[in-house]
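S.K.: Take a look at this one; I'll ask things after.
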Amino acid sequence: MANLEVKNKMSAAQFGVVMSATILGAGYISLPTQTVPLAEQLAWISVLLGGALFFVSAWIMLKLAALYPQSDLTDYLPQLLGKWLGVGIIGFLVLIFFMALCVAQNQFSRVVTFFLFDRTPPDVIILSMLAVIVYCTMQDLGTIVRVAEFTFFVAVAMSGVIWFAGIFNFQPENLLPFWTDKPVSILQAALNTGETFGGYEIILLLFPLICQKRHNLVKVVGISFILITVVSLSIVVMTLGVLTAAAIPNESYPTLIVVRSVELPGTFVERLENYFLLAWIPLIFNSQSLFLYMVAKIMSRLWGFADHRPWVLALVPLIYTGATLLDGLELIELAGQAVNLLALVFSLGIIPLVYLYARWKQRGVTAGES
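Residue numbers for the sequence shown follow the UniProt record's numbering, so the first one is 1 and each next one is one higher.
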């Protein structure tokens, strides 16, 4: 196994865990509200389509990164596209990550304030979470990976056990009928899952650090997407089965309402949503730490810093300001839609074009040499 503390390297399997931890953050709490209003009782089909679509996007990113195996996007994009266009695309990705951090911090603070600490101002929750995230992100990548490996599996197992307690209130007939006269809405809902599946873009930054069995990366990424898709599918199906497609649009946090509705007679366990949130917090912590690390690392590479830590500290007040400026559910929803749209443009538009251009350019060089 690679010495993560010294070399900042990771195996393909460790990369799969890191990518899964990056993806599985704030998005799945709000997934039903993003898909059910459009796809109704067939929102689960949208989740499957979204998982397949974004896996294809991740596969293209793997193919692009494999063309420059010893470099990350901050090296090869300016060389391939020219300084201004290359840096512009990198800046576009940084903007997406930064906005995603702000939206996730705001959503996290509101959920925790509403369900756990109703007398605590959301700003205090944001500051507290940022402090913990910054402490982790100030470490080297090896430490961040080790923390993610441990907390990810524990949090997923704990939240999964609590979530499937909702089976006691599940009504299969709420998933009927298995047909629709709005197929376009199902496709639109699939595109709305971008916030849930977002984070796989770390491929472009961390690919050079994978030191073992790169030929297995497609399989590893596929397994990660299967895991995330299964989690997302269980969230949507269980929420539909408990609340119905008509009730979900009227709830701000339907997933937590599902957990709250569970009663376990003869036990001392009450308010299961509190335990569910306690399991959710490590997932948010992992995702936000890795997002912040990526932004800081990209900025340090662009500006010629040897270390990412100064950029971590510089970004904190900006993230706090951005998160606190999102005042009101409508503004948060609008910001989330903007992040999703920008991510779709980057993943499904810009990156495929860059990959095709890189392949064409490499073929031209090969033909010229022969």
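For each residue, glycine too, the CB sits at the ideal point set by N, CA and C.
Between A343 and L67, which are expected to be in contact by the criterion C-beta below 8 Å, what is the C-beta distance as a whole number of angstroms?
M.R.: The Cβ separation is near 22 Å, so there is no contact.
S.K.: Nearest-angstrom Cα distance between A190 and C102?
M.R.: Cα to Cα, A190 sits roughly 23 Å from C102.
S.K.: Would you call the CB atoms of A21 and L204 closer than 7 Å?
M.R.: Cβ atoms of A21 and L204: not closer than 7 Å.
S.K.: Whose C-beta lies closer than 7 Å to the C-beta of Q122 among residues of the same chain, with five residues either side of it excluded?
M.R.: The sequence shown places Pro at residue 122, not Gln. Excluding positions up to five away in sequence, the list reads S109, R110 and T113.
S.K.: DSSP puts S261 in a beta bridge; with which residues?
M.R.: According to DSSP, which records beta bridges pairwise, S261 is partnered with nothing at all.
S.K.: If the criterion is Cβ atoms closer than 7 Å, does the pair T151 and P282 meet it?
M.R.: Result yes, Cβ atoms of T151 and P282 sit closer than 7 Å.
S.K.: Output the boundary residues of the alpha helix (DSSP H) element that contains F178.
M.R.: From DSSP, F178 is part of no alpha helix (DSSP H); its letter is neither H nor E.
S.K.: Between the segment 152-168 and the segment 319-332, can you find at least three pairs of beta-carbon atoms closer than 8 Å?
M.R.: No: the two stretches stay apart, fewer than three of their Cβ pairs being nearer than 8 Å.
S.K.: If you follow the alpha helix (DSSP H) that G198 is in, where does it begin and where does it stop?
M.R.: G198 -> no alpha helix (DSSP H), and no H or E assigned at all.
S.K.: Return the chain-ordered list of same chain residues with a C-beta closer than 6 Å to the C-beta of T196, the five sequence neighbours on each side being excluded.
M.R.: Taken in chain order, the residues that qualify are G27, Y28, L31 and S232.
S.K.: Taking 7 Å as the cut-off, decide whether the C-beta atoms of A39 and I248 are in contact.
M.R.: The answer is no: Cβ separation not under 7 Å.
S.K.: Looking at the structure shown, is M10 part of a helix, part of a strand, or coil, going by DSSP?
M.R.: Strand, per DSSP.
S.K.: Do you know offhand how far M61's Cα is from L116's?
M.R.: So the alpha carbons of these two residues sit roughly 39 Å apart.
S.K.: With a threshold of 8 Å on Cβ separation, who are the neighbours of I223 within its own chain once the five nearest residues in sequence on each side are excluded?
M.R.: If we look at I223 and ignore the five residues flanking it on each side, its Cβ neighbours are G16.
S.K.: Measuring only the C-alpha atoms, how far is Q41 from M238?
M.R.: Approximately 11 Å, taken between the alpha carbons.
S.K.: Determine the direct distance from the alpha carbon of G91 to that of Q79, and round the result to whole angstroms.
M.R.: Using only the alpha carbons, I get a separation of about 15 Å.
S.K.: Identify which residue in F207, S57, Y76 and L264 has its Cα closest to the Cα of N169.
M.R.: Checked all of F207, S57, Y76 and L264; the closest Cα to N169 is L264.
S.K.: Could you tell me whether the segment 270-278 touches the segment 286-301, using the rule of 3 or more Cβ pairs below 8 Å?
M.R.: Judged by Cβ distances under 8 Å, the segment 270-278 makes no contact with the segment 286-301, as fewer than three pairs qualify.
S.K.: Let me check understanding here. Comparing Cα to Cα, which of N106, I89, A52 and A58 lies closest to L334?
M.R.: Selected option, being the one with the closest Cα: N106.
S.K.: Could you tell me which of M138, S252, I125 and F153 sits nearest to G328, measuring between CA atoms?
M.R.: Measuring from the Cα of G328, the nearest candidate turns out to be S252.
S.K.: Between which two residues does the alpha helix (DSSP H) containing N340 stretch?
M.R.: Counting along the chain, the alpha helix (DSSP H) containing N340 begins and ends at L329 to V345.
S.K.: Which one of L48, L353 and Y135 has the shortest CA to CA distance from N192?
M.R.: The shortest Cα separation from N192 among L48, L353 and Y135 belongs to L48.
S.K.: In whole angstroms, what separates the C-alpha of L302 from that of T74?
M.R.: If I take the Cα positions, the gap works out to 7 Å.
S.K.: Count the other CB atoms within 10 Å of the CB of Q14; is the residue buried (16 or more) or exposed (fewer)?
M.R.: Q14 comes out buried.
S.K.: Return the chain-ordered ranges of every alpha helix (DSSP H) run that is complete within the segment 114-151 and spans a minimum of 4 residues.
M.R.: Whole alpha helix (DSSP H) segments, 4+ residues: 122-137.
S.K.: Taking Cβ to Cβ, would you say S57 is nearer than 7 Å to S347?
M.R.: Taking 7 Å as the Cβ cut-off, S57 and S347 qualify as a contacting pair.
S.K.: How close, in whole Å, do the beta carbons of I332 and L325 come, if the pair is a contact with beta carbons under 8 Å?
M.R.: Not confirmed; about 10 Å, so no contact.
S.K.: Would the beta-carbon of V18 fall within 7 Å of that of V134?
M.R.: Contact: no.
S.K.: Can G349 and F225 be called in contact, C-beta distance under 7 Å?
M.R.: No, they are not a contact pair.
S.K.: Pick from G86, L176, A131 and I144: whose alpha carbon is nearest that of L316?
M.R.: Before going on, a small fix: residue 316 reads as Val here, not Leu. Cα-wise, what sits closest to V316 is A131.
S.K.: Could you give the C-beta distance for G194 and I23, rounded to a whole number, given that I count them as a contact under 8 Å?
M.R.: G194 to I23, Cβ: 11 Å. No contact.
S.K.: Going by beta-carbon coordinates alone, are F97 and M294 separated by less than 7 Å?
M.R.: A contact, by the Cβ cut-off of 7 Å.
S.K.: How far does the alpha helix (DSSP H) with N286 in it extend, from its first residue to its last?
M.R.: Taken as a continuous stretch (DSSP letters only), the alpha helix (DSSP H) holding N286 covers L272 to L302.
S.K.: From L81, V36 and A43, pick the residue whose C-alpha is nearest to that of W360; which is it?
M.R.: Of the candidates L81, V36 and A43, the one whose C-alpha sits nearest the C-alpha of W360 is L81.
S.K.: So, are the CB atoms of Q337 and P208 less than 7 Å apart?
M.R.: No, they are not a contact pair.
S.K.: Nearest CA to the CA of T180: which residue from V36, A12 and V345?
M.R.: The shortest Cα separation from T180 among V36, A12 and V345 belongs to V36.
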